[in-house]
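Undergrad:
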Amino acid sequence: MPQSRSIASTEPAGLLADLDACFAEQDSLCRSLEELADSLPERLNTLGAVLLVGRLSALLRRAHHLEETQVFPILASAPVRMHGDLRPILNRLRAEHTENEDYALDLEDTLAEYWARPVARADAERLGYLLRGLFISLRRHVAQDRDWVRPLLRELGAP
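Going by this note's numbering, the first residue of the sequence shown is number 138, and it counts up by one from there.
Take a look at the structure:
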């Protein structure tokens with residue numbers, strides 16, 4: 138079982154700083170995904186797109202690992218009398234993690250197809266749809282983490 142970070146962490150950066158860094162990276166990659174979607178179909182840099190999505194997949198795995206192994210255990214231990222039972226919310230957030238990672242894999246597969254053959258207009262529309270679906274979903278998830286998860290962690294005494 139993974140070790141969860143103690144709320145009284147003595148690490149200089151602390152859990153909240155780690156979480157903020159993940160949020161900032163995800164925001165940056167979402168902007169890049171949006172720029173890529175806006176460039177379709179005329180200016181698609183397929184190699185750049187493949188590298189971007191590869192970075193996104195790695196970031197999602199890292200961010201989700203941080204949340205699921207360090208953040209969620211702290212939230213799950215929050216007193217029910219203060220915050221209610223948070224388990225259903227944490228389960229939904231875990232499900233969103235899986236959905237976003239699956240979406241990123243679908244996007245990687247679609248880009249691999251683009252790499253193998255010329256881009257058709259219909260393919261560009263499909264790619265744009267996938268890109269927008271991913272960055273919109275990811276932005277919504279990060280906003281919820283900022284608006285709900287981070288303040289609750291702070292209230293519970295996370296560093």
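Idealized CB from N, CA, C, for every residue including glycine.
(1) Quick check on Glu204: buried or exposed, where buried means 16 or more other Cβ atoms within 10 Å of its Cβ?
(2) Would you check if the distance between the CB atom of Leu267 and the CB atom of Asp243 is smaller than 8 Å?
(3) Check whether chain D comes within 8 Å of Thr235, counting only Cβ atoms and requiring the distance to be less than that.
(4) Between Asp164, Leu289, Thr206 and Ser176, which has its C-alpha nearest Gly221's C-alpha?
(5) In the structure shown, what three-state DSSP assignment does Ala215 receive?
(6) Can you give the Cα-Cα distance for His278 and Asp284, rounded to whole angstroms?
(7) Extract the residue ranges of the alpha helix (DSSP H) inside the region 153-218, only unbroken runs of 4 or more that lie entirely within it.
(8) Would Gly294 and Ala174 be called neighbours here (beta carbons separated by less than 8 Å)?
(9) Short of 7 Å in beta carbon distance, which residues of its chain neighbour Gln163, apart from the five on each side in sequence? Order them along the chain.
(10) Exposed or buried, Asp282, counting other C-beta atoms within 10 Å across all chains shown (16 or more means buried)?
(11) Rounded to a whole number of angstroms, what is the C-alpha to C-alpha distance between His202 and Pro178?
(12) Please classify Val208 as buried or exposed, where buried requires at least 16 neighbouring CB atoms within 10 angstroms.
(13) Going by the CB atoms, is the gap between Glu238 and Arg198 shorter than 8 Å?
(14) Please identify the residue among Leu188, Arg180 and Glu172 whose C-alpha is closest to the C-alpha of Leu248.
TA: Here's the rundown:
(1) buried
(2) yes
(3) Within the model displayed, chain D is absent; a lone protein chain is all it includes.
(4) Leu289
(5) coil
(6) 10 Å
(7) 183-203 and 209-213
(8) no
(9) Leu196, Ala200, Leu275 and Val279
(10) buried
(11) 34 Å
(12) buried
(13) yes
(14) Leu188
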